[in-house]
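Mapping of the sequence shown onto our numbering: residues 12 to 208, in sequence order.
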Amino acid sequence: MGTVLYVKANPSPTSRSIRIADAFIEAYQAQNPADEIITLDLYKEDIRFLTGEDLALLAPGCEKPEDHPVLKYTYQFLNADKYVFATPFWNLSIPAILKAYLDYVCFSGVTFKYTEHGPVGLCSGKVAHITARGGEYSTGLLADWEMGDRYMRTILGFLGLTDFQTIAAEGLDIVGADVEGIVNEAIEKAKGLAVRF
Numbered sequence: 012m013g014t015v016l017y018v019k020a021n022p023s024p025t026s027r028s029i030r031i032a033d034a035f036i037e038a039y040q041a042q043n044p045a046d047e048i049i050t051l052d053l054y055k056e057d058i059r060f061l062t063g064e065d066l067a068l069l070a071p072g073c074e075k076p077e078d079h080p081v082l083k084y085t086y087q088f089l090n091a092d093k094y095v096f097a098t099p100f101w102n103l104s105i106p107a108i109l110k111a112y113l114d115y116v117c118f119s120g121v122t123f124k125y126t127e128h129g130p131v132g133l134c135s136g137k138v139a140h141i142t143a144r145g146g147e148y149s150t151g152l153l154a155d156w157e158m159g160d161r162y163m164r165t166i167l168g169f170l171g172l173t174d175f176q177t178i179a180a181e182g183l184d185i186v187g188a189d190v191e192g193i194v195n196e197a198i199e200k201a202k203g204l205a206v207r208f
């Protein structure tokens with residue numbers, strides 16, 4: 012039995028990334044009925060920016076209790092086996108609330124550590140990043156502007172999570188786009204990945 016942490020980072024009730032990710036989770040549960048799915052909707056959580064007081068309490072050498080209001084997310088993340096992120100592509104990147112959440116997750120001595128050879132991630136498992144983009148940012152001239160999936164791969168790789176798969180529904184806001192067709196194609200890809208995840 013494994014634990015899947017499903018992180019939703021979109022406040023919209025009609026979110027296309029969440030619609031695709033929900034289909035992934037449904038297919039995954041059908042394939043792995045004994046696994047626990049923990050759904051974390053960041054817009055329903057008390058996610059705020061870290062304060063100076065938070066950082067002082069969590070300085071190197073300080074005790075790191077699992078029930079600390081910040082570290083509860085850190086340990087929840089550490090204890091998961093697999094990770095699913097549903098994110099929109101906003102302003103060439105991820106929503107600020109997801110960056111704030113990842114600041115909770117990234118704590119030295121818990122999810123990564125420093126060694127004589129530099130930082131080492133302490134997390135392990137698979138990641139599925141499911142995102143929806145208004146334009147086409149995977150290839151071509153706009154590929155250099157894509158900093159959402161790139162950031163997610165980098166920061167999660169820093170934590171040790173390098174088994175990383177992306178499903179991107181793209182071109183959704185281009186005039187004349189077949190939005191339902193694009194979303195449905197991404198849903199089918201998500202279902203296929205869920206079987207192998």
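Glycine is no exception: its CB is placed at the ideal position from the N, C-alpha and C atoms.
Nearest by alpha-carbon distance to residue i: which of the options is it?
{"i": "A201", "options": "L133, F60, A97, D184", "result": "A97"}
{"i": "T50", "options": "L16, L204, G132", "result": "L16"}
{"i": "D184", "options": "D174, I178, G171, R144", "result": "R144"}
{"i": "P106", "options": "I31, M158, V138", "result": "M158"}
{"i": "K137", "options": "T62, F60, G192, F88", "result": "F88"}
I think residue i touches residue j, with their Cβ atoms under 8 Å apart; what is that distance to the nearest whole Å?
{"i": "L53", "j": "L103", "result": "That pair is no contact at about 19 Å."}
{"i": "D92", "j": "G146", "result": "34 Å between Cβ atoms; not a contact."}
Could you tell me which residues DSSP puts in a beta bridge with residue i?
{"i": "W101", "result": "S104"}
{"i": "G131", "result": "Correcting the residue identity first, residue 131 is Val in this sequence and not Gly. Answer by DSSP bridge pairing, in chain order: K124."}
{"i": "I58", "result": "Paired residues: none, contrary to the question."}
{"i": "S119", "result": "F123"}
{"i": "K137", "result": "K93, D174"}
Helix, strand or coil: how does DSSP classify residue i here?
{"i": "Y162", "result": "helix"}
{"i": "E47", "result": "strand"}
{"i": "D78", "result": "coil"}
{"i": "F175", "result": "strand"}
{"i": "T85", "result": "helix"}
{"i": "V186", "result": "coil"}
Straight-line CA distance for residue i to residue j?
{"i": "P76", "j": "V186", "result": "51 Å"}
{"i": "T142", "j": "I198", "result": "11 Å"}
{"i": "A38", "j": "R207", "result": "10 Å"}
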